[in-house]
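Protein chains in written order, with this note's numbering: chain A, 156 to 471; chain B, 156 to 471. Where is the CB? At the ideal position from N, CA and C, for every residue including glycine. Here the structure is a predicted model, which is why all the values come from computation and not from measurement.
Number of protein chains: 2
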Amino acid sequence: MFREKIKVFDCTIRDGGLINGHDFDERFVRAVYKALSEAGVDYMEIGYKNSKKLFSPKEFGKWKFCDDDVIEKVIEGIESNTKISIMVDVDRVDIDDVKPKKDSPVDMIRVASYVKDIDKAIFLVNHFADKGYETTVNIMAISRALDNELTEALHQLDEECKANVIYIVDSFGALYQETVEFLVKKFRSILKTKEIGMHAHNNQQLAFGNTIEAIIHDANYVDGTVYGLGRAAGNCPLELLIGFLKNPKFDIRPILDLISKEFVPLREKIEWGYIIPYAITGILDEHPKAAMALRKSDKKENYREFYESLVGDDLD
Amino acid sequence: MFREKIKVFDCTIRDGGLINGHDFDERFVRAVYKALSEAGVDYMEIGYKNSKKLFSPKEFGKWKFCDDDVIEKVIEGIESNTKISIMVDVDRVDIDDVKPKKDSPVDMIRVASYVKDIDKAIFLVNHFADKGYETTVNIMAISRALDNELTEALHQLDEECKANVIYIVDSFGALYQETVEFLVKKFRSILKTKEIGMHAHNNQQLAFGNTIEAIIHDANYVDGTVYGLGRAAGNCPLELLIGFLKNPKFDIRPILDLISKEFVPLREKIEWGYIIPYAITGILDEHPKAAMALRKSDKKENYREFYESLVGDDLD
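Here it is, written out as structure tokens:
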């Protein structure tokens, strides 16, 4: 038995782009799209839509901007039912860069927002929805959200926002499954007509387990990335999600091939996954940026010292 | 708040020994014992007690036999409240090799058994209990146990066996948390006076999540290994367990140091962890031996072909 409403959402290129300045070559992105299409994955998030007034295309790869013609080139000629998504961050997008849906290869736009920026997120989502896109709001860093502020934001989303899906985003990989259960039930109780999504990070090897937990309590949009690729500890491995879900439309084989041919070699060039400094920031509910800096330093394996540096602040 | 009854049980050397023929040098084992002692870990399982009539000490390292004098040498002079455990397999131990507890550094003996061998396990446990040891029965490959046979075995354990703890062992790393919940509740309902233990394998990155799930439903003995060391995909990472539990007696720092100094270099020499062929055997609820053989072959990264070889049998 399976729940047909469950949608598997791949964000390999988008979240993985946070490691390498969004600089995947077109051949690689096309290989990912082809494999996801063959595997029956519902959505592929291909990058961010950032304003070129704020970020220079000389400094970042093309998946930080996701021009429509670049997307069209990599998906051209591949038979697919996989929808294309892009992500926008509050305050970093120029809405005039986004054409009406009917003129674009993009199907969905996801707006990433902290709880405090929820009004801006709602404005963006409603704008994109009016242009014809499916939309979501992804509430970042939810492990740090104050409950009263989250409650208010969810009521606003329910009443004022055209998003189809509201996502729980465990940006720091800090959640344990009891809190996932609490949050999904809370979202479910307030959001009368919207689906709930789960985007987990893998600092404590809980991304997959927490995603299952969210599914158990009625989240229907679940994010994964191929081989767990993603910033720092990475994400819920898509191959495990496909292995778990019983919907016969999914086929794990193309993903296995893709990992063999593309992701095992890639892992030799860029680093992600279960690495102790990322586990430490997860345990301490901190952003991984200090751990990412450590991994680029000559103290990259000094775990105890790194831990002490994070817990050593004077109490006040 | 924490549950004081929870005991953290390290089996780094015992389960890790399945990778390298139990051939850790004494310096390394002593470093592990020292760090576990400083970290406040309750038990350390240091190896197996196998009969030297069945296995040759020329072919295997000393932690396959765990002579008392070898154990005494590595723990000597280290201040510690960490108890020492050894594991025995049904049909592989010579019970005359086991001295009375008062003459041995060993505190606990764990008997590993399939459901079908439960009568033999009960005999062994009662023998060791009569010699003065704490004892457990570890029910292996529980994802393959038929429910009626498991029910009968649990009733026997409740009525006839002197073991203090009965363990759920997910040998294949195949369980999802819904089944963990089912099993812990089942164990709890039948075993009136015994504690429940959880030993998870990490094929699908669920060892830690499933261990938390077992704790939620009242398992009080939880196994981990430093940096997840263990056969194939390895085990629940001890450092994550220590990071999760709130009992102030635990200190993660010595474990972090140990990983930096000993386990990061070790991982360069021997392989364990999240590797796709082990994920595949976990998804398919199979013993990892075929995947272990694959990893030693020149087809080690041929994931799709490996998957096909496991699912390709004719149905009957």
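Starting from residue i, find everything on chain A with Cβ-Cβ shorter than 9 Å and list it in chain order.
i	result
D412/B	Y458, R459
F399/B	Y331, Q359, I438
Just checking my contact of residue i with residue j at CB under 8 Å: how many whole Å lie between their CB atoms?
i	j	result
V261/B	V280/B	Wrong, their Cβ atoms sit about 14 Å apart, outside the cutoff.
T291/B	A318/B	5 Å
Y198/A	K238/A	5 Å
I475/A	I431/B	The requested residue 475/A does not occur in the structure, where chain A is confined to residues 156 to 471.
M513/A	S268/A	Nothing can be reported for residue 513/A, as the shown portion of chain A is limited to 156 through 471.
G216/A	G171/A	The Cβ separation is near 11 Å, so there is no contact.
I438/A	F399/A	Contact doesn't hold; Cβ gap of about 25 Å is too wide.
L330/A	S298/A	6 Å
N293/A	K160/A	Incorrect: roughly 19 Å between the Cβ atoms, too far for contact.
So which residues on chain B does residue i lean against when the C-beta distance must stay under 8 Å?
i	result
R450/A	By Cβ distance, chain B contributes nothing, its closest Cβ being about 13 Å from R450/A, past 8 Å.
E394/A	I431, A434
Can you list the residues of chain A that residue i reaches, using a CB-CB cut of under 7 Å?
i	result
R408/B	R459, Y462
L173/B	Within chain A, no residue comes near L173/B; the closest Cβ sits about 20 Å away, beyond 7 Å.
Report the neighbours of residue i on chain B: residues whose CB is nearer than 7 Å to its CB, in chain order.
i	result
L361/A	F363, G364
Assign residue i to one of two classes, buried (16 or more other C-beta atoms within 10 Å of its C-beta) or exposed (fewer than that).
i	result
V466/A	exposed
I250/A	exposed
E344/B	The amino acid at residue 344/B is misidentified as Glu; the sequence shows Ser. Burial call: exposed.
L411/A	buried
E181/B	exposed
H177/A	buried
L395/A	buried
D302/B	exposed
S259/B	buried
S211/B	exposed
D224/A	exposed
S452/B	exposed
F337/B	exposed
D272/A	buried
P255/B	exposed
F157/A	exposed
I174/A	buried
E350/B	buried
D244/A	buried
I370/B	buried
E289/A	buried
E441/A	buried
I425/B	exposed
Closer than 9 Å by beta-carbon distance: list the chain B residues that pair up with residue i, in chain order.
i	result
E333/A	I367, I371
What residues of chain A sit near residue i, judged by a beta carbon separation below 8 Å?
i	result
P403/B	Per Cβ cutoff of 8 Å: no residues; P403/B is ~14 Å from chain A at best.
Does the count of Cβ pairs from the region 400-411 of chain A and the region 309-329 of chain A closer than 8 Å reach three? Verdict: no, contact absent.
Name, going along the chain, the residues of the region 373-390 of chain A whose beta-carbon falls closer than 9 Å to a beta-carbon of chain B. The region 373-390 of chain A vs chain B, Cβ under 9 Å: Y382, G383.
Should the region 194-202 of chain A be regarded as contacting the region 218-234 of chain A, the criterion being three or more beta carbon pairs within less than 8 Å? Three or more beta-carbon pairs drawn from the region 194-202 of chain A and the region 218-234 of chain A are found closer than 8 Å, and the two stretches are therefore classed as touching.
Check whether the region 165-173 of chain A and the region 186-200 of chain A touch, using three or more Cβ-Cβ pairs below 8 Å as the test. yes
Could you check whether the region 304-320 of chain B touches the region 275-289 of chain B, counting it as contact only if at least three pairs of C-beta atoms, one from each stretch, sit closer than 8 Å? yes
Contact list for the region 429-443 of chain A against chain B, Cβ threshold 9 Å: Y429, I431, A434, I435, G437, I438, L439
Counting pairs of Cβ atoms below 8 Å between the region 232-249 of chain A and the region 434-454 of chain A, do you hit three or more? Contact between the region 232-249 of chain A and the region 434-454 of chain A is absent, because fewer than three Cβ pairs lie under 8 Å.
For the region 413-425 of chain B against the region 376-395 of chain A, do three or more pairs of beta-carbon atoms, one drawn from each stretch, fall closer than 8 Å, so that the two count as touching? no
Does the region 243-257 of chain B come into contact with the region 204-213 of chain B, if we say contact requires no fewer than three beta-carbon pairs (one atom in each stretch) closer than 8 Å? The region 243-257 of chain B is in contact with the region 204-213 of chain B.
By the 7 Å beta-carbon criterion, what residues does the region 191-220 of chain B contribute toward chain A? none
I'd like to know if the region 362-370 of chain B and the region 447-463 of chain A are in contact, where contact means that at least 3 CB-CB pairs between them fall below 8 Å. no
Short-range partners of chain B found in the region 412-426 of chain A, where Cβ spacing is below 8 Å: D412, I414, S415, V419
With a cut-off of 8 Å, do at least 3 Cβ pairs link the region 386-400 of chain A to the region 351-358 of chain A? yes
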